[in-house]
Every structure is written in structure tokens, then in C-alpha cells.
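Residue numbers (my numbering): 200 to 1082.
Think of the CB as a built atom: it goes at the ideal place given N, C-alpha and C, for glycine as much as any other residue.
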């Protein structure tokens, strides 16, 4: 077992294409390298605005300047510096790259800059893991014993295990059996991405990540042939004092605009990290938000026989024990007929205060402990455990229920410990699931070990609906022919129908709000129950969230700084701009953006751990990673004036120090105020330099096309829109947002563990830049997943090689070419074809349909050329001219 790590490598068989010959590829790559070097030396992609000397600052308006000197400004999400780029990142980059190329060819000044994102938890969390691993194993990790990491011995062949669980690596033992070792250490991950073992210990310093990965990203994007202006690049966090000043300005101004507020709010939280866990801090659960419930307090009136024996010995005699179901429909609580628990689940009874105790799952207790429910914040006091089956038969008081003498606790096999509190209240009048379950329980009472009458309490009508009457659930169960709780598909359909009809069309038939529409009565019923002490607000993640540090996250109600996304007037401005001012390039993206704007709510913008900029007015906190990366595209416009390296250690073209970049200076540059003597005297920056920086922003802004993957729709792209609209004059609001899907490789999901994976460096080394770019264009353009086919790249290596040979042939002296009569008809036809294909290509490029542009601009054009050549070579069968 000493060579267990080698076993992983031997079993990692690449599923990517193997090339049989590489001579033509190598010939093409040599040419690509030659000209990429020449482009860099000549600064071909260094794009500048017209200077104030060319066009005096106030001689024409910014819009007239952009009209006189057309421009294109495109950007893609800057990559995070915890690794190198893979082919999926390149898909997003290519969308800007292709558009910038067409803009340049059409005479526009095309700006495509790129920075490097380092803010947040991921780098810091990984660095901290390495610190601990170095303490355990030493700098060279020689103290690591693979044998100690065996988690199971399996009779299954290693290859089969690898397929079933690719997160583990195997060491074979004998011919078939395998010992399984969990690859859980950060140093193993670093090694798997190509970091030499002797270098890994350096990554225990967070700063090393910032120094190591940006140069590799520059290398890979340059090799890919990107038209990037690298003068304007930077790293985020306070490692670059200029960018740090930019973020402080942004946060100060958002606070002044009352877009940043302070107060208690529900947020996804990591107990282990002791701070909010936002999207970029998560290894699982991106875009998951808190889900708020109404938690009911169902007081135990009489314990079941099995439960009574256990409780008597472990709880005080005066203890008030409550089963606590969490519901999204408090208005239906009048119809409770029983309460469900999972018979196989283990529950805890937790102390809430001196007299009250809750019977819930451990998971629910972790959430409640950070929501002000328990006596002491963060303290979970579990008095005892009890199995759900022992609780069955317990009599509880159900608040608002029309059954005033209490309802019984009954078994429900589908109760999940991962959702809600593990306790479910039953309203069979309006919940198809509940009706199907109580019907089944009544039929099989002996099987379930209950008394039949417990499941046969009268079902009262509580909500009247126009389509399904006043007993919605029984009606739908009968209509959809649902025979048992196992008919999950039909029950899901019934549940959706019942909720929509009941909430939007239903009229309450009972209670204080009898006669009111359900959607109006619902919050009133909830508020009354909470005021009466019968219920309380409870929140948990919509689904599982795991932090980068491996913690299962909860929801915490905490004081924090937050961006007030979702505020009505701000939201409406954004929705109007999406509808009337923004090009989304597809209706799917537009609909998705509008959908996010309609549900997105307040967002924690500060944390206490990780890398980033300190919150200016509360420096104990650091600006959250998705909050410092909303308008950084504006920073690109002036970055090269401020610094000439990634970290701002070398001053830029204007020899300006970072502390000269005051908030008022940023305001002037970004057209938020006019220039006056106070700015000049305070900043000590010359008027000419300030005017030149403002000119650069006025010219290149607004952003013409912002490109990101669809996973950033629920956060970054929406934040990008919100903050631009808040911070800049309307003239500089974004003009385009383009979204692409994820990238599959050869028709399958990209995965290192299965070998179906390519880094950008591997892709370009394998096929060359141009063939790789063609394959990227061919991969697809919609918001759905795109597919990179290696065969497309491989075939285009040959196609490009042949094209090059033909171009060389056509470039020879005219005497070396064929002679003979000119075929006027075929010439006219070919010219017409070329013009039509050019028009089609340009139109598809405008719409960013790059696959269709590739079709008309390359494949069909080559086919038209070949047809022309063959037609001209054929004997002429036309009538001779009589002239």
C-alpha cells in the first residue's frame, strides 16, 4: 500500500482524443507562436481612447466622440486565482474574443481587458488547510501514510469502484479487490493540478496564490490568441492598493446612496467559519437562499406509552414539550388532523428555556440556535434522543385546529431529516400528500401499529376554490387517480395545482379572516399565531449548502451590512432597463434576468474572514467577493494610468500614488461630479491627467457586452446590473449581457476524475490556437450547455494546414498561376457567393451566433471556392460569343 498514490495515477485514464500525427499541427503552432510574439511586441491589442489633444475634452460630447470614433468594450468574468483555466472558462472568454475581433476588423477601437479575482474564502481556506497538513506531514508531505486513509476494503474491482465513486482513488490488491483511499487533503488536490510536491508548501501563504496563478493565466490566454490589453490587468484585494481604493470608494458611495444598510436578516452561515457563507465561499449550494417557514408549537398533551417511559426519567416534571413542524402554509392550520414524524428518524429533545423543550431534528436545532430561538445564541442543549416510532400515538395540541381536543402523532415514511424540522403537520383538506397518507394509514392501521380512529378525524373544509371546491386535496387525489403515497409523480402534480389554486383563487372559510382571499389572509394568520406565542419564524437553506471549509451551513439571523437588492424602486429601474435598454442576445437570458430580479433580495456584503478590501466604515469586516466585483469593468478603463504591474507596486503612465486616488477623484473620473479646485488641491493630480482618465472612461463606457456563464445569473450578473444603475449616470449603463451554458467535452460532462477534462493549456497544446478557437465557436451559443468536440478541432488542423498551403500558392507570382479564358459567369457567381456569405457572417456575429458565423464564414466559403475552382476547370459548354 505504500504506492497507493501511484495507483490513482495509473487508474486515471484520459478519455480525450489521442492524436495519431502531429506534424501539421506543429507547423501551424509554429506560425501562431511567431505572430503572437509579434502582436505582443507591437502592442497590437493596446487600445486607447482618442486623447484630449486629438479631441479637446469639451469640444464634443462623449456620445459624439463614440460616434466619431466607434468603439467596442467587451469583458468576461475575471477568473478566480485558485487554479489555471480550463476549456469551460475558455468558452466564456471566446464569446468576447470573437466579438472583439469582428469589432476590430470593422474599424472600431476594440477593448478587451482581463483581471484576476482573488477576493473571498476559497484561497484563504485552501491555504489554511495546507498549514495544518504541513504541521501533520512536513513540508514535503513525506509523513503522509496512505495506509492510514483506507476507508473500506471492497470486493469490487478497482476500475468499477472508480466509476461508481470518482472522488476516491484506489490501490489494487491481488487481481480484483481494491482498497479505497479518500483523497481528502489539499496537498493531494494541488498535486493533481500539476503543482510540484516541493512547491506545494509555498501555497500555505495566501499571497503565493496571487503570485503563482495570474502569470499562468496570461500565458494560457495569450497562447489561445486572445486580443487582450494586458496593460490594464490587476489582482483584486488590498494586495493592489489602487484597486483597494477603488472598492472602498464604491462601498462608501453605495452606503451614501442608502443601497447598503445594517440590520438583522437571515443569511446562509457557516458555524465553523463563524461568518456568512456567500456563493463564492461554497463548494456546494451556489445560489441557494434562506427559506423562511412558520414554525408551529404543538404542545404535548399526552405521551405515547413508549415515549412516556423515556421522557419521565430525563425531563423535569414541569417540562413543556412541543413538537415543532415548519410550514409554508400557516393559513391552512385550521385543518390539522394529525402530525407526522419519520418512524425511523432519531430526534432530539432540546432545551429552549427553563420550562420549554422542542422535539426536532439536530439539523433544525443548529439553525434555531442562531436565530434567537434558544435561550443562548449558538448554544444547543440536547437533553435526550428519541426514535420517531416511539413518539407515534402522542397526543398534541395543534394551534388553530378545529379539533380542539388535540391530534395524534402518526408515522410518515417520507419525512426527511434534511428538510424542515423532521416534524410535519397534516392538513388533508388542502394537501394531497397528507390526504393520501392518512387514507393509507386508516386502511392499514394494524400494519402501522396505530389506532384507526387516529387517522380518521373529520376533515373540515377550510378554503373554498373555484375549480376544486372546498376539499381541494380529496378532489385532486380522486381526479388524478392517486392510489397511495407512493404515487409521487401524480402527488407532485396535485400539490402544485392545489397550492396555485388555493393561494391565488382560494377564499378562507373559517377563522378571524373568514371571507378574505388566501393571499391576503395568509400573512395575517401568521402574524396572529406568532403574536400569540403559538408559532415563530424559522429559516433554513433551501437545500444543502457546504462551505469551502467543509461545513454544512445553516441560516443565521444576524446583524450585518447588506446590499438592499430587491428594494422596490431599485428593482423596477433594473427591470425597466432589461426590458428597454439592454441587449441580452437571447430571450432566454432576458427571461432569466427578469426572473432573478423578481426574487433576489438583500445580500450580505461583508464578512470577517478571507481576502479582500476592509469595509471603510467598519474595518473589522472585509468586503464580500461578489460585492467587490460588480463594476470593476470601469476600473479597466484607467488601470494602466495608475499602475504597470498586477499588484500596483510600479506606478503607471501618470505616476500617481494610490493614496492620491480619493473618493472625489473616482467620482470625477466616472462622471459623478465636475472637476473643481478642491479635487486638484487634495489629490495633487494634474488637471490634464484627471481629464485624460475621465476621457478614457467616457469613451469606452458603457460596457457593450458583458459575458458570463449561466451560473452567475443569480448573483454576479444581476449585481453587475444593479450597481451600475446605482453608481453611474444613465449614459453609462450596460448595453449588453450575454450568457452561455456550461461546456461538455465530447458529449460528456467535463470531469478530472473520469479523465474527460482539458485545461486551456492542454487544449491549445493539443490542437493549436486556431483549431481550438474553431472548435469553441462550433461548441454552441445558447444558454443551454455547449459541447466541445475534439474531432472538430482535429479536423480543422488539417483544414487550416491545407488552407495555408493554398494561400501560399495563391501568393506566388502571377506567372506561376493557371492561365486561360476568364469564366465571367463563374466569376460573377463566386463573387455573389462571397458577398452573401460575408453579409451572413457579419449578421451572425452581430447576434453572437458564432457557430452560424463559422458555418458561413469558413465552411461554406471554402465549399464555394472549391465549387468555383472545379467549375472553372471543367470544359465550357456555353454557346460561344457572337460578338
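Close Cβ partners of residue i (< 7 Å) along its chain, the five nearest in sequence each way excluded
i	result
residue 299	271, 273, 309, 311 and 426
residue 914	478, 486 and 825
residue 404	326
residue 1071	1022 and 1025
residue 373	Note on residue 373: pLDDT 36, under 50, position unreliable in the model; the coordinate value appears next. Hits under 7 Å: none found.
residue 506	585, 589, 590 and 593
residue 238	244
residue 536	602, 606, 625, 627, 637, 656 and 658
residue 1047	294, 298, 784, 937 and 980
residue 989	215, 216 and 945
residue 246	308, 309, 310 and 428
residue 328	385
Cβ-Cβ separation, residue j to residue i (assumed contact under 8 Å), whole Å
i	j	result
residue 728	residue 598	6 Å
residue 570	residue 737	7 Å
residue 481	residue 746	6 Å
residue 717	residue 530	6 Å
residue 231	residue 1010	Actually they are not in contact, since the Cβ atoms of residue 231 and residue 1010 sit about 19 Å apart, beyond 8 Å.
residue 869	residue 899	Contact doesn't hold; Cβ gap of about 12 Å is too wide.
residue 902	residue 928	14 Å between Cβ atoms; not a contact.
residue 622	residue 559	6 Å
residue 400	residue 333	6 Å
residue 671	residue 629	5 Å
residue 561	residue 743	The pair is not a contact, with the Cβ atoms about 15 Å apart (cut-off 8 Å).
residue 465	residue 709	So it is not a contact: roughly 31 Å between Cβ atoms.
residue 452	residue 860	Wrong, their Cβ atoms sit about 14 Å apart, outside the cutoff.
Element boundaries [alpha helix (DSSP H), containing residue i]
i	result
residue 388	385 to 391
residue 1031	1023 to 1045
residue 717	717 to 730
residue 673	671 to 678
residue 224	222 to 241
residue 882	876 to 882
residue 637	631 to 642
residue 540	Unbroken run through residue 540 is the beta strand (DSSP E), 537 to 540; no alpha helix (DSSP H).
Close-in-space but distant-in-sequence residues of the same chain around residue i (CB under 6 Å, 5 per side omitted)
i	result
residue 550	556, 580 and 582
residue 542	587, 588 and 610
residue 318	435, 436, 810, 811, 824 and 827
residue 759	803
Opening and closing residue of the beta strand (DSSP E) in which residue i lies
i	result
residue 606	606 to 610
residue 754	753 to 762
residue 438	Segment: none, residue 438 is in no beta strand (DSSP E) and carries neither H nor E.
residue 737	734 to 740
residue 623	622 to 625
residue 584	581 to 586
residue 548	545 to 550
residue 275	270 to 275
Option in the options with minimal Cα separation from residue i
i	options	result
residue 489	430, 566, 400 and 768	566
residue 512	584, 453 and 574	584
residue 798	510, 766 and 806	766
residue 228	1058, 972, 1060 and 866	972
residue 1063	1044, 1042 and 1035	1035
residue 287	997, 950 and 993	950
residue 240	316, 337, 321 and 421	421
residue 471	431, 412 and 320	320
residue 886	256, 233 and 224	256
residue 982	930, 222, 910 and 687	910
Beta-carbon contacts of residue i that lie in its chain and below 8 Å, excluding the five residues immediately before and after
i	result
residue 851	838, 839, 840, 841, 842 and 843
residue 867	873, 874, 878, 889 and 893
residue 1080	In this prediction, residue 1080 has a pLDDT of 35, which is less than 50 and means its spatial position is unreliable; what the coordinates show is noted afterwards. Hits under 8 Å: none found.
residue 295	273, 274, 275, 311, 904 and 906
residue 365	Unreliable positioning characterises residue 365 in this predicted model, as indicated by a pLDDT of 37, which lies under 50. The coordinate reading is nonetheless provided below. Result list for residue 365: 950, 952 and 953, in chain order.
residue 986	942, 943, 944, 945, 946, 978 and 979
Runs of alpha helix (DSSP H) wholly within the segment 243 to 267 (minimum 4 residues, chain order): 261 to 267
Completely contained alpha helix (DSSP H) runs for the segment 843 to 867, where each covers 4 or more residues: none
Length at least 4, wholly inside the segment 905 to 970: the alpha helix (DSSP H) runs in chain order: 917 to 926 and 959 to 966
Sequence ranges, alpha helix (DSSP H) only - wholly within the segment 761 to 785, length at least 4: 767 to 779
Length-filtered (4 minimum) alpha helix (DSSP H) runs lying within the segment 779 to 818: 786 to 798
Residue ranges of each beta strand (DSSP E) within the segment 292 to 340, 3 or longer: 308 to 310
Uninterrupted alpha helix (DSSP H) stretches inside the segment 404 to 480 (no shorter than 4 residues): 405 to 422 and 440 to 455
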